[in-house]
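Here is the structure we will look at, set down as structure tokens.
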Amino acid sequence: MPRTGAEYLQRVRDNRTVYLDGKLIENAADHPAFRNAFRTVAGLYDFQGAPENLELMTFPSPTSGERVSRFWQLPKSYQELVQRREAITAWAEL
2 MPRTGAEYLQ RVRDNRTVYL DGKLIENAAD HPAFRNAFRT VAGLYDFQGA
52 PENLELMTFP SPTSGERVSR FWQLPKSYQE LVQRREAITA WAEL
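So for the sequence shown, this note's numbering puts the first residue at 2; every next one is plus one.
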């Protein structure tokens with residue numbers, strides 16, 4: 002199952018070394034210079050993981066069988082190419 006927006010933000014808060022203008026940023030996920038970018042990515046994870054979007058935004062991994070982002074899919078058929086394009090379009094339209 003793809004990670005959630007909250008999981009993504011928690012990982013960003015864990016052990017990141019980020020500097021801005023030579024100053025260490027303690028929590029980049031909540032810093033005004035970065036928080037909107039991190040929240041945007043978190044929203045994309047939440048969109049991808051919503052039950053109504055799972056088929057559109059994910060596919061079963063050929064190695065693990067777990068659902069993973071369709072952005073990692075290497076299309077092997079026309080249908081898979083269309084599915085990947087539809088996922089990209091859905092994300093772009095958010």
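The C-beta atom is built at its ideal place from N, Cα and C for all residues, glycine as well.
Since this is a predicted model, take the numbers as computed values, not measurements.
Asked, Found
"Need the endpoints of the beta strand (DSSP E) that residue 59 sits in, please.", "59-61"
"Within 8 Å, do at least three Cβ pairs link the region 61-72 to the region 18-25?", "no"
"Report buried or exposed for residue 86, applying the criterion of at least 16 other Cβ atoms within 10 angstroms of its Cβ.", "exposed"
"For residue 46, is the classification buried or exposed, using 16 other Cβ atoms within 10 angstroms of its Cβ as the cut-off for buried?", "buried"
"Output the distance between the C-alpha atoms of residue 5 and residue 70, rounded to the nearest integer angstrom.", "12 Å"
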